[in-house]
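Heads up, the thing below is written out as structure tokens.
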Amino acid sequence: MEPLVSLSSALNGVRVLLEAYEGYERARFLETDLAVREEVRRRTVMLQDHLTRFEDRAREEGHREAASEAKRSKATLIAISEDVQFAISGGPSS
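Heads up: the sequence shown runs through residues 4 to 97, numbered per my numbering.
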């Protein structure tokens, strides 16, 4: 599979998870909250690993712009992961 297509699919998956997370914030218990957070963390780490390999390959082949985009995408994933990690956990009454 083309790396950018795979990356696009993975990013869309994370986006869907984050949208679902917003829905869980007010309606579910802490256990569900923590499970969603862990899944987002797991997937963002997976994407960061893929992007690191993509960035390395792009640099080796002289594609500076693609390598820079991969680096910026990794920074975005780190920010998403931190947002999920440090967000206030919701319960049924919050």
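The C-beta atom is built at its ideal place from N, Cα and C for all residues, glycine as well.
Find the nearest neighbour of His53 within the set Val39, Ser84, Glu85 and Lys77, judged by alpha-carbon distance. Lys77
Assign Glu64 to one of three DSSP states: helix, strand, or coil. coil
Note down, in chain order, each residue of its chain lying with its Cβ closer than 6 Å to the Cβ of Ser84, except the 5 sequence neighbours on either side. Arg44 and Thr47
Take the Cβ of Leu37 as the centre, count every other Cβ of all protein chains shown within 10 Å, and call the residue buried at 16 or more, exposed below. exposed
Quick check on Phe89: buried or exposed, where buried means 16 or more other Cβ atoms within 10 Å of its Cβ? Its Cβ having fewer than 16 others within 10 Å, Phe89 is exposed.
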